[in-house]
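Worksheet: the structure to be examined is printed underneath.
Residue numbers (this note's numbering): 59 to 106.
As structure tokens, then:
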């Protein structure tokens, strides 16, 4: 499952993306200046 939603930060909008994988959750927050993420670095391990 994938979920996308806006996040208001100091008058600006960031986009949060959450991807549910079988063994973990991938989370990304992106803005016009860059992004941060946490979750799987080796996706085939978590999906296979």
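Positions of the beta carbon are idealized from the N, C-alpha and C atoms, including for glycine. Treat the numbers as computed from the prediction; the structure is a model and nothing was measured.
Asked                                                                                                                                     : Found
Below 6 Å CB to CB, which residues in the same chain sit around residue 77 once its five sequence neighbours on both sides are set aside? : 60, 84
Excluding sequence positions up to five away, which residues of its chain have a Cβ less than 7 Å from the Cβ of residue 93?              : 86, 87
Mind listing, in chain order, the continuous alpha helix (DSSP H) runs of no fewer than 4 residues lying wholly within the segment 72-96? : none
Taking C-alpha atoms, which residue in 82, 80, 89, 81 lies nearest to residue 63?                                                         : 89
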